[in-house]
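S.K.:
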Amino acid sequence: MAIGYDNEAGCCVRNPDLDAGHWYLDEDGALYIVPDNGEIEGPDSPMIDQLNAAYRRMNFAEICQETLATELGLTVAYPWQHRFDPTAGYFTA
């Protein structure tokens, strides 16, 4: 299922918290979005647990995305790479 999918609406819905979140890509191109408020969005994998643990240790604003990405083997997706489509949901360029 696409990130941002709303079961009630039956389509993907843009969410300001996800738009402003920290975006990461793993080596397979899977997208993880960590919002300041709410649950981490991404594929069900051990990486979700690792991101949760990291964001519990520090406040959202204190996280250095580049440092955390390096520690976890991820790549930062910068705002100019962020994309949204009502059919596809959130993705990167």
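Adding 362 to a residue's 1-based position in the sequence shown gives its number in the working numbering. Cβ coordinates follow ideal geometry from the N, Cα and C atoms, glycine included.
(1) Quick one: measure Cβ to Cβ for residue 395 and residue 440, integer angstroms, because I've assumed they're closer than 8 Å.
(2) Rank 372, 368 and 449 by C-alpha distance to the C-alpha of residue 403 and give the top, closest one.
(3) Check for me: the beta strand (DSSP E) holding residue 395 runs from which residue to which?
(4) For residue 356, does the count of other Cβ atoms within 10 angstroms reach 16, so buried, or fall short, so exposed?
(5) Starting from residue 418 and walking both ways along the alpha helix (DSSP H), at which residues does that stretch end?
M.R.: With the structure as the only source:
(1) Between residue 395 and residue 440 the beta-carbon gap is near 13 Å, outside 8 Å, which marks them as no contact.
(2) 368
(3) Element bounds for residue 395: 393 to 396.
(4) Past the boundaries of the shown model lies residue 356; the chain is included only from 363 to 455, so the question cannot be answered.
(5) 408 to 419
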